Amino acid sequence: MILSEKNINSSPHLPFGDQRTAPWYGKSILSVKQFSKQDLKYIFEVAHEMREMVERVGTFDLLKGKILANLFYEPSTRTASSFTAAMERLGGSVIPINEVKYSSVAKGESLPDTVRSLECYSDVIVLRHPEVGASALAAQYARKPIINAGDGIGEHPTQALLDLFTIIEEKGQVDGLTVTLLGDLKYGRTVHSLSRLLSLYNIRLNFISPEILTMPREIIGELDQKGIPSQELRMLEEIIPETDVLYVTRVQKERFEDTKEYEKVKGTYIITPETLSVAKKDMIVMHPLPRVGEISMDLDVDPRAAYFRQMEYGMYVRMALLAMVLGKA
Amino acid sequence: MILSEKNINSSPHLPFGDQRTAPWYGKSILSVKQFSKQDLKYIFEVAHEMREMVERVGTFDLLKGKILANLFYEPSTRTASSFTAAMERLGGSVIPINEVKYSSVAKGESLPDTVRSLECYSDVIVLRHPEVGASALAAQYARKPIINAGDGIGEHPTQALLDLFTIIEEKGQVDGLTVTLLGDLKYGRTVHSLSRLLSLYNIRLNFISPEILTMPREIIGELDQKGIPSQELRMLEEIIPETDVLYVTRVQKERFEDTKEYEKVKGTYIITPETLSVAKKDMIVMHPLPRVGEISMDLDVDPRAAYFRQMEYGMYVRMALLAMVLGKA
Amino acid sequence: MILSEKNINSSPHLPFGDQRTAPWYGKSILSVKQFSKQDLKYIFEVAHEMREMVERVGTFDLLKGKILANLFYEPSTRTASSFTAAMERLGGSVIPINEVKYSSVAKGESLPDTVRSLECYSDVIVLRHPEVGASALAAQYARKPIINAGDGIGEHPTQALLDLFTIIEEKGQVDGLTVTLLGDLKYGRTVHSLSRLLSLYNIRLNFISPEILTMPREIIGELDQKGIPSQELRMLEEIIPETDVLYVTRVQKERFEDTKEYEKVKGTYIITPETLSVAKKDMIVMHPLPRVGEISMDLDVDPRAAYFRQMEYGMYVRMALLAMVLGKA
Numbered sequence: 002m003i004l005s006e007k008n009i010n011s012s013p014h015l016p017f018g019d020q021r022t023a024p025w026y027g028k029s030i031l032s033v034k035q036f037s038k039q040d041l042k043y044i045f046e047v048a049h050e051m052r053e054m055v056e057r058v059g060t061f062d063l064l065k066g067k068i069l070a071n072l073f074y075e076p077s078t079r080t081a082s083s084f085t086a087a088m089e090r091l092g093g094s095v096i097p098i099n100e101v102k103y104s105s106v107a108k109g110e111s112l113p114d115t116v117r118s119l120e121c122y123s124d125v126i127v128l129r130h131p132e133v134g135a136s137a138l139a140a141q142y143a144r145k146p147i148i149n150a151g152d153g154i155g156e157h158p159t160q161a162l163l164d165l166f167t168i169i170e171e172k173g174q175v176d177g178l179t180v181t182l183l184g185d186l187k188y189g190r191t192v193h194s195l196s197r198l199l200s201l202y203n204i205r206l207n208f209i210s211p212e213i214l215t216m217p218r219e220i221i222g223e224l225d226q227k228g229i230p231s232q233e234l235r236m237l238e239e240i241i242p243e244t245d246v247l248y249v250t251r252v253q254k255e256r257f258e259d260t261k262e263y264e265k266v267k268g269t270y271i272i273t274p275e276t277l278s279v280a281k282k283d284m285i286v287m288h289p290l291p292r293v294g295e296i297s298m299d300l301d302v303d304p305r306a307a308y309f310r311q312m313e314y315g316m317y318v319r320m321a322l323l324a325m326v327l328g329k330a
Numbered sequence: 002m003i004l005s006e007k008n009i010n011s012s013p014h015l016p017f018g019d020q021r022t023a024p025w026y027g028k029s030i031l032s033v034k035q036f037s038k039q040d041l042k043y044i045f046e047v048a049h050e051m052r053e054m055v056e057r058v059g060t061f062d063l064l065k066g067k068i069l070a071n072l073f074y075e076p077s078t079r080t081a082s083s084f085t086a087a088m089e090r091l092g093g094s095v096i097p098i099n100e101v102k103y104s105s106v107a108k109g110e111s112l113p114d115t116v117r118s119l120e121c122y123s124d125v126i127v128l129r130h131p132e133v134g135a136s137a138l139a140a141q142y143a144r145k146p147i148i149n150a151g152d153g154i155g156e157h158p159t160q161a162l163l164d165l166f167t168i169i170e171e172k173g174q175v176d177g178l179t180v181t182l183l184g185d186l187k188y189g190r191t192v193h194s195l196s197r198l199l200s201l202y203n204i205r206l207n208f209i210s211p212e213i214l215t216m217p218r219e220i221i222g223e224l225d226q227k228g229i230p231s232q233e234l235r236m237l238e239e240i241i242p243e244t245d246v247l248y249v250t251r252v253q254k255e256r257f258e259d260t261k262e263y264e265k266v267k268g269t270y271i272i273t274p275e276t277l278s279v280a281k282k283d284m285i286v287m288h289p290l291p292r293v294g295e296i297s298m299d300l301d302v303d304p305r306a307a308y309f310r311q312m313e314y315g316m317y318v319r320m321a322l323l324a325m326v327l328g329k330a
Numbered sequence: 002m003i004l005s006e007k008n009i010n011s012s013p014h015l016p017f018g019d020q021r022t023a024p025w026y027g028k029s030i031l032s033v034k035q036f037s038k039q040d041l042k043y044i045f046e047v048a049h050e051m052r053e054m055v056e057r058v059g060t061f062d063l064l065k066g067k068i069l070a071n072l073f074y075e076p077s078t079r080t081a082s083s084f085t086a087a088m089e090r091l092g093g094s095v096i097p098i099n100e101v102k103y104s105s106v107a108k109g110e111s112l113p114d115t116v117r118s119l120e121c122y123s124d125v126i127v128l129r130h131p132e133v134g135a136s137a138l139a140a141q142y143a144r145k146p147i148i149n150a151g152d153g154i155g156e157h158p159t160q161a162l163l164d165l166f167t168i169i170e171e172k173g174q175v176d177g178l179t180v181t182l183l184g185d186l187k188y189g190r191t192v193h194s195l196s197r198l199l200s201l202y203n204i205r206l207n208f209i210s211p212e213i214l215t216m217p218r219e220i221i222g223e224l225d226q227k228g229i230p231s232q233e234l235r236m237l238e239e240i241i242p243e244t245d246v247l248y249v250t251r252v253q254k255e256r257f258e259d260t261k262e263y264e265k266v267k268g269t270y271i272i273t274p275e276t277l278s279v280a281k282k283d284m285i286v287m288h289p290l291p292r293v294g295e296i297s298m299d300l301d302v303d304p305r306a307a308y309f310r311q312m313e314y315g316m317y318v319r320m321a322l323l324a325m326v327l328g329k330a
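Residue numbers (the working numbering), protein chains in the order written: chain G, 2 to 330; chain S, 2 to 330; chain E, 2 to 330.
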């Protein structure tokens with residue numbers, strides 16, 4: 002056990018709270034590529050203990066006195082709120098910076114300068130930025146840890162981690178599962194990162210998408226190399242009975258040049274109670290949210306609908322990462 | 002006594018802090034219609050104790066570890082700040098969400114989905130929304146309590162409660178008072194809700210407005226049915242000497258088709274020190290704020306000007322409601 | 002010593018925390034003109050102790066239970082974040098109010114009314130406003146202290162204080178130093194206020210600017226009257242070897258009617274490692290930030306580059322001022 006109420010209050014000799022033994026102390030979280038399977042195990046253990054602590058006591062003072070600068074160059078209520086809640090539940094404080102377009106950035110300040118200014122006030126910086134590589138650039142200049150909260154079409158590692166953590170918490174383990182990814186697999190940053198993380202496990206993958214939105218060859222290639230069995234399909238029906246995790250993403254009408262093409266396929270990509278009638282009783286349905294019709298609201302009462310629980314798991318993962326990079330786990 | 006410093010620190014056996022006996026634990030605050038006279042008494046007792054605690058110690062840790070999601074779909078600095086201050090004075094934390102138009106909502110997410118996401122991070126949601134019924138809809142889907150902070154031309158129950166609480170704190174009681182409502186009585190959500198709450202008491206009401214902005218027949222009818230004596234007037238002069246509470250709202254020029262009509266009446270609806278020269282020495286002047294000229298700044302030094310104190314009472318009422326729905330009062 | 006961990010926890014008989022002996026309790030911070038040399042000494046002593054406390058413990062509970070309303074009528078991420086961090090590091094809470102243009106102000110509310118509403122919820126108000134004199138106006142109406150965080154082309158006293166505090170912390174003292182101000186000296190609010198504060202000390206000043214952007218005659222006159230030796234120059238080269246503090250500000254292209262004029266001079270106003278090759282080993286380079294090219298990023302690794310440390314000193318000065326006006330230092 003890494004954390005416990007007792008440790009938090011009194012035990013400097015335990016791993017928890019001892020910066021010398023905290024393996025992620027001072028490090029930045031930039032990409033899913035930086036995590037080994039062992040790293041993931043560690044993160045999810047800490048996240049699981051965060052969940053238990055929150056369920057037991059709501060908040061606790063592990064990061065009391067620490068300040069998070071929540072630097073969002075583009076709006077993302079959900080992610081910003083999740084990090085804010087994570088920091089507050091750990092007893093820390095947050096400096097929200099959401100209007101960057103109106104402020105010093107508009108005066109032409111570079112990202113490295115902004116980050117080096119903000120780290121004068123804060124202990125850790127969460128960065129959302131529209132440009133690929135922004136977090137890596139920031140981390141290069143910053144003395145304090147940077148957590149990438151999405152950099153354009155690049156990475157959004159905490160989303161991928163929370164997706165995987167959801168599977169672990171809901172299904173007990175990852176090995177042996179059949180995971181079906183559905184929807185826009187071409188442009189979906191989320192499904193790319195998740196596929197890469199899943200490839201560290203003994204798993205079977207199904208990719209279901211319209212022909213124009215298939216999973217990029219590059220990722221299929223990576224999976225093949227690692228010996229992960231995967232197949233690409235157009236229709237969900239045949240594969241749903243053997244699916245353990247159904248990960249749904251939106252198929253945007255705008256991706257189609259010909260609206261008729263969209264109308265033809267869209268029915269396949271809307272999940273209803275009927276869709277689940279042939280699914281396993283313990284299958285789970287995930288979605289990164291927001292959804293706009295691709296999962297029927299009628300499904301929300303089904304215990305297999307895991308997408309709101311997924312949000313909550315996200316908070317625990319972010320609590321774990323904040324505690325880790327600040328040397329407290 | 003419901004709260005006291007002593008209780009807060011040590012007494013699990015007293016009503017305070019015991020969820021089993023907290024009558025509003027987990028409930029949503031959606032409409033003034035949900036309150037009986039007994040309910041109001043309870044709310045105002047708690048609010049009064051909040052006032053005493055703030056005056057004595059500033060803040061205290063009754064809601065330490067609790068998180069409020071302050072979800073504003075339209076800007077309202079005053080209301081948002083009041084809830085933020087209320088939560089912070091109770092030792093809780095706030096997730097401010099003010100830019101909803103730019104964020105996931107812009108991506109088409111439904112209110113039920115937004116609320117069900119945010120409740121994963123928070124313990125209570127304060128909701129301001131431009132559409133009537135939004136809070137009721139949110140409460141239908143949410144597991145956590147919703148507090149309606151205004152839904153379009155619908156309700157703004159915490160404003161009505163703070164108005165009534167102001168009268169109680171300033172005048173000692175409500176029964177026996179003569180309350181004069183002045184200004185735009187047709188479109189003013191505030192005066193409608195306040196009239197309904199006042200109708201629970203033994204009270205006399207005067208309605209003073211331009212002919213085109215009179216109190217709706219529906220509300221006059223409700224008052225008649227409950228036997229509340231009320232009269233409608235065009236001019237304030239004759240009625241001011243017997244008034245105990247003068248509640249002022251703005252008459253907007255835009256309501257008048259003919260500008261000349263507006264020019265003719267506007268003088269009646271501007272309160273100056275002269276207006277008060279024939280008023281009772283212990284009358285109070287209230288206003289929901291912001292004011293734009295309808296109360297002369299010369300009046301601000303008069304102790305009867307209660308409108309800024311009214312703001313402060315609002316914070317105490319919101320502290321009371323937050324503590325109640327979170328099972329702490 | 003004014004503050005110490007011990008005092009903070011237990012000593013009501015020491016100056017710290019005793020409102021009766023706190024010389025700035027309840028006062029507003031509006032202009033650098035209100036500070037005597039003795040006042041500055043006091044502020045910087047408190048700020049220095051804030052620095053030591055932050056370095057030692059990160060945050061502490063000197064202002065626990067106090068609420069700051071951070072009222073920004075125009076965006077300034079840097080200043081707003083600095084005050085937020087200052088308040089949070091002192092254990093207090095912040096109500097951020099950044100969108101004033103969309104809110105009650107848009108409905109026409111006067112600044113005195115907004116301030117008198119907000120002070121119902123808060124203990125101190127930090128005000129940024131585009132109009133000269135806004136903070137003085139606010140302070141005239143408010144019961145709670147106002148801290149001016151910039152009022153148009155008027156004052157920005159906490160910037161001037163942090164500039165001076167940076168010099169003291171970096172150089173040990175002010176007397177005897179040669180300070181060179183470079184760039185746009187005509188429109189730069191920062192350099193005007195700093196010059197005035199520096200004139201309280203035994204100091205030598207160099208002003209280096211394009212001919213169209215020289216220091217206003219009024220300020221030169223004030224310096225002459227106080228017997229402060231100063232000289233105006235076009236080029237930095239000759240003066241850099243004797244400079245102890247080089248304060249750089251941006252020369253904006255838009256100030257020049259003739260672009261050719263700008264192109265001719267701009268090289269003089271870009272600081273590079275070469276510029277510093279003939280400078281003292283312990284000279285410091287300051288800049289109010291954001292910079293846009295006027296200091297080469299190659300200089301950032303030079304220990305003489307003090308501009309990011311300057312940001313951090315700003316937080317300590319703001320912590321000191323908040324503690325002082327709230328009667329805790």
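Note that the Cβ used here is the ideal one computed from N, Cα and C, for glycine as well.
Since the structure is predicted, the reported quantities are computational estimates derived from the model, not experimental observations.
- In the DSSP assignment, E/H288 falls outside any beta strand (DSSP E), carrying neither H nor E.
- For the C-beta of E/K67, the chain S residues within less than 9 Å are, from N- to C-terminus, G59 and T60.
- In the displayed model, S/S37 falls within coil according to three-state DSSP, outside both helix and strand.
- Against chain E, the CB of S/A143 has no partner CB under 7 Å away; the residue lies outside that interface.
- Assigned with DSSP and collapsed to three states, S/V127 falls in strand.
- Buried is the label assigned to E/K67, since at least 16 other Cβ atoms lie within 10 Å of its Cβ.
- Interface flag for G/I240 against chain E is unset, since no Cβ pair is found closer than 7 Å.
- For S/Q253, no alpha helix (DSSP H) run applies, since DSSP gives it neither H nor E.
- Runs of the beta strand (DSSP E) lying entirely within the region 46-116 of chain G, each at least 3 residues long, are 68-73 and 94-98 in chain order.
- The three-state secondary structure of E/Q141, taken from DSSP, is helix.
- According to the DSSP secondary-structure assignment, E/V246 is paired through a beta bridge with E/V180 and E/I285.
- S/S194: not part of any beta strand (DSSP E); member of the alpha helix (DSSP H) spanning R190 to L199, first to last residue.
- Taking 7 Å as the cut-off, the Cβ atoms of E/V180 and E/V279 do not count as close.
- Think of a sphere of 7 Å around the beta carbon of E/R117: the chain S residues whose beta carbon falls inside it are F309, in chain order.
- Classified as buried, G/D185 has 16 or more neighbouring CB atoms from the shown chains inside 10 Å of its CB.
- DSSP, read as helix, strand or coil, puts E/L31 in coil.
- Counting the other CB atoms within 10 Å of its CB gives E/M320 a total of 16 or more, which places it among the buried residues.
- S/E50 is outside the set of residues whose beta carbon lies under 7 Å from a beta carbon in chain E.
- If you compare the alpha carbons of E/S29, E/A324, E/R218 and E/D283 with that of E/P158, the shortest gap goes to E/S29.
- Among the residues facing chain G, S/I98 is included, as its CB has a counterpart in that chain under 7 Å away.
- Among the residues of chain G, those whose CB is under 8 Å from the CB of S/E110 are L290, P291, R292 and V293, following chain order.
- Two segments are said to touch when three or more pairs of C-beta atoms, one from each, lie closer than 8 Å; by this definition the region 291-308 of chain S touches the region 263-281 of chain S.
- For G/G151, the enclosing beta strand (DSSP E) covers residues I147 to D152.
- For S/E223, the closest Cβ of chain E is not nearer than 7 Å.
- Using a C-beta cut-off of 8 Å, the region 161-170 of chain G makes contact with the region 38-47 of chain G, since at least three inter-stretch Cβ pairs fall below that distance.
- Straight-line measurement puts the Cα of G/A161 at about 23 Å from the Cα of G/M54.
- Look at G/S82: its C-beta is not under 7 Å from any C-beta on chain E.
- Within its own chain, the residues whose Cβ lies closer than 6 Å to the Cβ of E/I147, once the five positions on either side in sequence are excluded, are S29, I126, L128, S136, A139 and A140, listed in chain order.
- For E/S297, the three-state secondary structure derived from DSSP is coil.
- Under the three-state reduction of DSSP output, G/I272 falls in the strand class.
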